[in-house]
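Okay, structure first, notes after.
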Amino acid sequence: MSDRLGSADLIVALSATDDWMQVSSVDELRDHGRVHREGRGSHVGHGLELDFYDESGRLLRPLLAMDLEVQGFVVCTPAQPEAMESRIRTVLGRVRERAADHPQYGAAGRLEHVPAPGDLSALLEWVRTATTEDARGHQSGWLHNLLHAIVG
Ligand SMILES: [Zn+2]
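Numbering (our numbering), first residue to last: 30 to 181.
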């Protein structure tokens with residue numbers, strides 16, 4: 030098995046401050062980044078610096094071209110599923126704290142369906158669905174747009 034992810038492989042992107050996340054394919058993540066870089070999104074993602082994991086919790090290193098454009102991702106650590114899950118739940122805790130400030134996203138009810146701790150694949154599927162199920166906004170998904178509303 031190659032240590033380089035394919036374009037359809039899922040990536041978990043987490044801000045270094047654990048207040049923003051996305052579960053997307055490599056291609057989707059690249060497209061989303063392009064929207065922000067070109068200023069076409071309604072939010073700018075102020076100062077977010079991202080860490081990347083694969084679905085099993087292995088930290089990924091982005092491969093950059095000379096112009097620093099991301100060309101792909103390679104695995105660079107053994108899996109740390111508990112650490113990754115903990116970070117995802119920190120983000121969700123912050124969303125829960127701020128949900129009442131943005132009632133239009135209906136987060137309070139939706140957060141009741143977050144899978145129980147310990148089932149990482151169910152958690153990633155829940156985050157991915159929450160990030161893609163609703164095509165409103167520049168990317169998609171109520172969680173993505175709520176996270177932008179919270180962090181910019
Ligand atoms: Zn975005």
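Cβ atoms here follow ideal geometry from the backbone N, Cα and C, with glycine treated the same way.
Computed from a predicted model, the values in this text were never measured in an experiment.
- [ ] Between the Cα of L92 and those of G181, R59, W155, T46, spot the shortest distance and give me the residue it belongs to.
- [x] Within the sequence shown, numbered from 1, the residue matching residue 92 stands at position 63. For L92, the nearest C-alpha among the options comes from R59.
- [ ] Taking only the alpha-carbon atoms, compute the straight-line gap between Q133 and L175 and give it to the nearest angstrom.
- [x] Here residue 133 is taken as the residue at index 104 of the sequence shown, counted from 1. Here residue 175 is taken as the residue at index 146 of the sequence shown, counted from 1. In a straight line, the C-alpha of Q133 is about 9 Å away from that of L175.
Task: heavy atom of ligand 1 below 7 Å from H142 C-beta - done: Residue 142 sits at position 113 when you count from the first residue of the sequence shown. False, no ligand heavy atom lies under 7 Å from that Cβ.
Task: DSSP-derived helix/strand/coil call for T158 - done: Along the sequence shown, one-based indexing puts residue 158 at 129. Helix at T158.
Task: Supposed close pair R90, V103 - CB separation, criterion 8 Å - done: Walking along the sequence shown from the start, residue 90 turns up at place 61. Walking along the sequence shown from the start, residue 103 turns up at place 74. Going by Cβ atoms, the distance from R90 to V103 rounds to 5 Å, so yes, they are a contact pair.
Open item on the list: In this structure, how does DSSP classify G101 when only helix, strand and coil are distinguished?
Closed with: The residue labelled residue 101 in the question sits at position 72 within the sequence shown. It is a strand residue.
Task: I179 versus E154, A159, V120, G147, residue with shortest Cα-Cα distance - done: Position 150 of the sequence shown holds residue 179. Selected option, being the one with the closest Cα: V120.
Open item on the list: Could you check whether the segment 36-44 touches the segment 141-148, counting it as contact only if at least three pairs of C-beta atoms, one from each stretch, sit closer than 8 Å?
Closed with: They do not touch, by the three-pair rule.
Task: H177: CB within 7 Å of a non-hydrogen atom of ligand 1 - done: Position 148 of the sequence shown, counted from the first residue, corresponds to residue 177. The answer is yes for H177.
Open item on the list: Please report whether the beta-carbon of E154 lies at a distance below 8 Å from any beta-carbon of chain D.
Closed with: Checking the listed chains, one finds no chain D in this structure; it contains a single protein chain.
- [ ] Would you check if the distance between the CB atom of V156 and the CB atom of V64 is smaller than 8 Å?
- [x] Locating residue 156 in the sequence shown gives position 127, where the first residue counts as 1. Locating residue 64 in the sequence shown gives position 35, where the first residue counts as 1. Taking 8 Å as the Cβ cut-off, V156 and V64 do not qualify as a contacting pair.
- [ ] Please list, in chain order, all residues of the same chain as G86 whose beta carbon is under 6 Å from its beta carbon, the five residues on each side excluded.
- [x] Here residue 86 refers to the residue found at position 57 of the sequence shown. Listed in chain order, the non-local C-beta contacts of G86 below 6 Å within the same chain comprise A108, Q109, P110, M113, local neighbours out to five positions each way being set aside.
Task: Residue from H131, T158, G62 whose Cα sits closest to the Cα of H142 - done: On the sequence shown, residue 142 is found 113 positions in, with the first residue counted as 1. T158 is the residue among H131, T158, G62 whose C-alpha sits nearest the C-alpha of H142.
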